[in-house]
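*Asks:* Please read through the structure below; I'll follow up with questions.
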Amino acid sequence: MNIYGWIKAFHIIAVIAWMAGMLYLPRLLVYHCAAEKGSVQSETFKVMEHRLLRAIINPAMIATWVFGLWLAWLGPDSNLGWFASGWLQAKLAFVVILSALHGLFARWVKDFAADRNRNSQKFYRIINEIPTVLMIVIVILVVLKPF
Ligand code: HEM
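Going by the numbering used here, the sequence shown opens with residue 14, and the numbers climb by one from there.
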């Protein structure tokens with residue numbers, strides 16, 4: 014059985030779910046900014062953000078890390094797996110930034126839940142672009158393995 018192929022398939026499935034959430038959540042925060050505190054819309058956004066984070070983004074991030082590190086450990090070098098490769102080291106640096114951004118999203122969702130958002134709509138519009146840029150860089154690194 015091609016164990017490596019199976020792990021990679023589950024890694025990619027987890028990546029898709031994580032990225033779907035990471036691309037959609039800041040969009041929700043942009044719209045949430047425009048909703049009046051205490052309004053029906055605002056309360057609906059709170060539920061949507063909470064569920065997206067808890068049911069999709071958090072478990073998908075954990076699964077991405079578990080399957081990704083497993084693949085890295087199974088890589089071509091018998092001792093270091095893929096860890097000796099420059100592309101993986103660079104990829105890991107960008108994934109750590111993506112994971113830190115995930116942590117910030119969770120904090121902002123908490124702030125909104127308590128009606129204590131401190132950021133502007135423009136702020137979330139700019140933040141919204143960061144996961145896209147990180148995803149492009151990460152995919153190019155892993156597929157092309159330029160170094
Ligand atoms: C969480 C830490 C991560 C680790 C340790 C990791 C590690 C790996 C490794 C070792 C492979 C196998 C490469 C190969 O067999 O050629 C792989 C495949 C892949 N990873 Fe990740 N990865 C992580 C996160 C991500 C993220 C966040 C993305 C996208 C945004 C991503 C996208 C992919 C894709 C598309 C492949 C398949 C590449 C191919 O088969 O050509 N990974 N990953």
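Ideal Cβ positions, reconstructed from N, Cα and C, are used throughout, including at glycine.
Nearest to Glu62 by CA position, among Asp90, His115, Leu111, Ile149, is which residue?
*Replies:* His115
*Asks:* Buried or exposed, going by whether 16 or more other CB atoms sit within 10 Å of the CB of Trp19?
*Replies:* exposed
*Asks:* Can you tell me whether Leu84 sits near the ligand HEM, meaning its C-beta is under 7 Å from at least one heavy atom of the ligand?
*Replies:* yes
*Asks:* Between the beta-carbon of Ile140 and the beta-carbon of Phe107, is there less than 8 Å?
*Replies:* Remark: C-beta atoms of Ile140 and Phe107 do not approach each other more closely than 8 Å.
*Asks:* In angstroms with no decimal places, state the Cα-to-Cα distance between Ala85 and Glu142.
*Replies:* 28 Å
*Asks:* Are the beta-carbon atoms belonging to His45 and Phe125 less than 8 Å from one another?
*Replies:* yes
*Asks:* Return the first residue and the last residue of the alpha helix (DSSP H) that Asn71 is part of.
*Replies:* 71-86
*Asks:* Leu157: which of Ser98, Lys135, Thr145 sits nearest, CA to CA?
*Replies:* Ser98
*Asks:* Report buried or exposed for Pro144, applying the criterion of at least 16 other Cβ atoms within 10 angstroms of its Cβ.
*Replies:* buried
*Asks:* With distance defined between alpha-carbon atoms, name the residue in Ala47, Val146, Lys21, Ile70 nearest to Met35.
*Replies:* Ile70
*Asks:* Just reading off the alpha helix (DSSP H) that Asp124 is part of, what are its end residues?
*Replies:* 99-126
*Asks:* According to DSSP, simplified to helix, strand and coil, what is Gly18?
*Replies:* helix
*Asks:* CB Met74 to CB Ser112, shorter than 8 Å?
*Replies:* yes
*Asks:* When the distance is taken between beta carbons, is Ala76 closer than 8 Å to Leu154?
*Replies:* no
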